[in-house]
Amino acid sequence: MKKKNPVLDVLRSPLGQLLVFVIVLSAIQFLNLQGMISSSFVQAVGNTLIYSIVAIGFCLLLGYSGLATLGTGGFIGIGTYLAYYIIQEYELPFAAALVLTIAAAVVIGAVVGFISLRIEGIYLAILTLGLSEIIRNLLMVIKSTIKIDVDHVRLFGTKISPTGVYFLILAVFTVLMWLLFNLIDSPTGRAMLAMKNSTSAAQAMGISLMKFRLMSFVISVIFAAVGGLLYMLFIRTITTSTSTLLTLTTSLNILGAVIIGGAKSLWGTTFGVFIIYGLQSMFLSNIPFFRENPAFITMVTGVLIILVVMFFPGGFAQIVSQLWAGAKKRLAKSGKGGA
Numbered sequence: 039m040k041k042k043n044p045v046l047d048v049l050r051s052p053l054g055q056l057l058v059f060v061i062v063l064s065a066i067q068f069l070n071l072q073g074m075i076s077s078s079f080v081q082a083v084g085n086t087l088i089y090s091i092v093a094i095g096f097c098l099l100l101g102y103s104g105l106a107t108l109g110t111g112g113f114i115g116i117g118t119y120l121a122y123y124i125i126q127e128y129e130l131p132f133a134a135a136l137v138l139t140i141a142a143a144v145v146i147g148a149v150v151g152f153i154s155l156r157i158e159g160i161y162l163a164i165l166t167l168g169l170s171e172i173i174r175n176l177l178m179v180i181k182s183t184i185k186i187d188v189d190h191v192r193l194f195g196t197k198i199s200p201t202g203v204y205f206l207i208l209a210v211f212t213v214l215m216w217l218l219f220n221l222i223d224s225p226t227g228r229a230m231l232a233m234k235n236s237t238s239a240a241q242a243m244g245i246s247l248m249k250f251r252l253m254s255f256v257i258s259v260i261f262a263a264v265g266g267l268l269y270m271l272f273i274r275t276i277t278t279s280t281s282t283l284l285t286l287t288t289s290l291n292i293l294g295a296v297i298i299g300g301a302k303s304l305w306g307t308t309f310g311v312f313i314i315y316g317l318q319s320m321f322l323s324n325i326p327f328f329r330e331n332p333a334f335i336t337m338v339t340g341v342l343i344i345l346v347v348m349f350f351p352g353g354f355a356q357i358v359s360q361l362w363a364g365a366k367k368r369l370a371k372s373g374k375g376g377a
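For the sequence shown, the tail end lands on 377 under the working numbering, and the numbers increase by one without skipping.
And the structure:
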């Protein structure tokens, strides 16, 4: 009879994985407060976390519903501008901004999704790209530069410092990741996956394609808008005409992160975001060559995407799964040999 390892049992569960993740990222901020880690490193971690929130929402859309959109940048813009007007202009607390952002994302996602999801494939991507550009230019006309004073950021009546915003981002990421883990493991998640694998089979099983497509699209828009809200709290100033946040670049980077990490793996997608957004700012920027040639990481990302598409369609998650399966086989063989 095999002995159970409680540590491995905890790490196999989504809740245990999230707990370890929270501990590690909380330790990074505490080390920064002690002067052992630079503030720029913590800034890069927080920025990567925000993009991870957007990416895991896109992971549900692409990996579990089989839909691709290039409108992510525009949907992020909805969250950033709502954050500015709700928190800075009307001086409402973060909780109100979060609720109103989610409500706006649901409405916009439902309207855009209902129109967009009547088409598929490349046409859906082109349509959402056009909508994203419309949103971006509309926001630029409304106000080209937006800024939030840190004194206006409040939670339950208490002002939140920049350090507190970091922990707020970590908390929101953890909750959203936990909700997605449960959604994917539910009948809804299985219906979405069945819809992606075969629309004909899904319809034969009584699954409403429009219902689940619309649901996944709305959830993706919510995650993007929440990411925009948190980005505005963390960075606190954006000039739409010069920032790439609301452009096609962001949409393509999020798509690339999901492909590199694995379209059916939330942790894999988070790793993909780290490769695209975190690797340069956290580590490579300290090396003179990469500091002088920041575009080099873009080339590396492009090569990674090509290699993943050609040899590992499941992304980084597939590589880890294969290595783990191989290691278990070798351990089993060595155990039998020893016996």
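For each residue, glycine too, the CB sits at the ideal point set by N, CA and C.
Using only the alpha-carbon positions, how far apart do residue i and residue j sit?
i, j, result
"F194", "P131", "7 Å"
"L317", "N331", "14 Å"
"I153", "V213", "30 Å"
"G73", "D189", "24 Å"
"I146", "I140", "10 Å"
"L69", "I75", "6 Å"
"Q126", "A135", "10 Å"
"T336", "I160", "23 Å"
"W347", "F334", "The sequence shown places Val at residue 347, not Trp. Between V347 and F334, the C-alpha separation is close to 20 Å."
"M248", "R228", "15 Å"
"T226", "I124", "33 Å"
"M320", "L167", "30 Å"
"S77", "Q241", "52 Å"
Give the secondary structure of residue i by DSSP, where H, G and I count as helix, E and B as strand, and everything else as coil.
i, result
"T196", "strand"
"I276", "strand"
"T183", "strand"
"N331", "coil"
"K366", "helix"
"M320", "helix"
"F350", "coil"
"P131", "coil"
"M74", "coil"
"E171", "helix"
Determine, using beta carbons only, whether residue i and residue j come nearer to each other than 8 Å.
i, j, result
"G300", "T307", "yes"
"L63", "V83", "yes"
"W216", "Q55", "no"
"L71", "T183", "no"
"G112", "L169", "yes"
"L99", "F255", "yes"
"I198", "L206", "yes"
"A143", "I116", "yes"
"L108", "S289", "yes"
"I172", "G265", "no"
"A221", "A148", "Position check: residue 221 holds Leu in this sequence, whereas Ala was assumed. Not a contact, by the Cβ cut-off of 8 Å."
"L284", "T278", "yes"
| message | Pairs of beta-carbons, one from the stretch 287-297 and one from the stretch 309-318, closer than 8 Å: are there three or more? | response | Taking 8 Å as the limit for Cβ pairs, the verdict is that the stretch 309-318 does touch the stretch 287-297.
Exercise. Is the stretch 233-249 close to the stretch 89-107, with three or more CB pairs under 8 Å?
Worked result: yes
Task: Segment contact, 8 Å Cβ cut-off, at least three pairs: the stretch 252-265 with the stretch 84-104 - done: yes
* When the Cβ atoms of the stretch 118-125 are set against those of the stretch 265-279, are three or more pairs found closer than 8 Å? -> yes
**beta strand (DSSP E) runs contained entirely in the stretch 191-277, provided each spans 3 or more residues** = Whole beta strand (DSSP E) segments, 3+ residues: 275-277.
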